[in-house]
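Written out below as structure tokens is the structure these notes cover.
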Amino acid sequence: YTPAMHRAVLALRCATSKRPFNMVKDPYYAIEVEMLRPGTVIPHPSTISRDICTVYSEAAKRVKEY
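When we follow my numbering, the leftmost residue of the sequence shown carries the number 87, and every step to the right adds one.
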């Protein structure tokens with residue numbers, strides 16, 4: 087586990103499953119995360135949004151180079 091990997095998985099989950107960014111504000115999600123890894127900090131929805139934009143920008147560069 088790393089915070090960066092957690093954010094990456096959340097960004098991919100939102101993007102590929104058409105989930106809203108604020109799904110991380112769901113109290114049951116917080117309970118699940120705490121149960122699986124106590125003390126984990128859940129990122130803010132705006133962080134997830136920003137991460138998706140970053141992933142898109144980086145992927146677009148690689149597609150352009152291809």
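All residues carry an ideal CB built from backbone N, CA and C; glycine is no exception.
- The region 89 to 97 makes contact with the region 126 to 138; the number of CB pairs closer than 8 angstroms reaches 3 or more.
- Within the same chain, I134, D137, I138, V141 come within 7 angstroms of A97 by CB-CB distance, once the 5 residues on both sides are set aside.
- Taken in chain order, the unbroken stretches of alpha helix (DSSP H) that lie wholly in the region 87 to 152 and span 4 residues or more are 89 to 103, 113 to 122, 131 to 151.
- Contact between K104 and P131 does not hold, since the beta-carbon distance rounds to 15 angstroms and is not under 8 angstroms.
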